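See below for the structure under consideration.
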Amino acid sequence: MEDLKYKFQQTRISGYVLKRSKGYFITHTGIFIGADESGTLWVAESQISDGVRFITLEDFCQGQKFTAEAPSLPQTEVVNRAISKIGIPYNPFYSNCQHFTNWAAHNKVESPDLQFLCALSLIGLALVLKNNQRKY
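Numbering (my numbering), first residue to last: 78 to 213.
Written out as structure tokens, the structure is:
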């Protein structure tokens, strides 16, 4: 895997975290890697079906607009960290796209969307339990 990083030419935004909406308050993220010899732009992402993989920027965007967030780690390090995870399986609870990109770009393993959904679920459960207590 180590030689993969040499197939890509880095750009100004190599190592940046790309974000696009998946709907329902869910954000999909990836790491912009760079361009290959033919000028195709590549992103590393974590997907349910394939785990961490390379995908073209066009396929990553799926026709939607995206934002690019600067990493807190050096860009070259972010690219190398992202490439080192190619092939790692997806897990929604500890290895989703946000876990992957936050680890690669900021050295933090966290998923804000998962945290939000868990908090929302707990609030919903509390409301259900509270309403059930009133019936008895």
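For each residue, glycine too, the CB sits at the ideal point set by N, CA and C.
Just so we're clear, the structure is a prediction, and the values are computed from it rather than from any experiment.
Quick check on the burial criterion: 16 or more other C-beta atoms within 10 angstroms. Buried or exposed for residue i?
{"i": "residue 111", "result": "buried"}
{"i": "residue 151", "result": "exposed"}
{"i": "residue 166", "result": "exposed"}
{"i": "residue 149", "result": "exposed"}
{"i": "residue 170", "result": "exposed"}
How big is the Cα-Cα spacing for residue i and residue j?
{"i": "residue 101", "j": "residue 114", "result": "37 Å"}
{"i": "residue 184", "j": "residue 157", "result": "13 Å"}
{"i": "residue 126", "j": "residue 98", "result": "19 Å"}
{"i": "residue 209", "j": "residue 91", "result": "52 Å"}
{"i": "residue 117", "j": "residue 136", "result": "11 Å"}
{"i": "residue 36", "j": "residue 142", "result": "This structure cannot speak to residue 36, because the chain is shown only from 78 to 213."}
{"i": "residue 155", "j": "residue 88", "result": "13 Å"}
Rounded to the nearest angstrom, how far is the Cβ of residue i from that of residue j, given a contact under 8 Å?
{"i": "residue 159", "j": "residue 93", "result": "Incorrect: roughly 11 Å between the Cβ atoms, too far for contact."}
Segment contact flag, the stretch 131-138 with the stretch 181-189, C-beta cutoff 8 Å, min 3 pairs: no
The stretch 166-185 in contact with the stretch 104-124 per 3-pair CB rule at 8 Å: yes
Any alpha helix (DSSP H) of 4 or more consecutive residues that is wholly inside the stretch 146-175: 152-161
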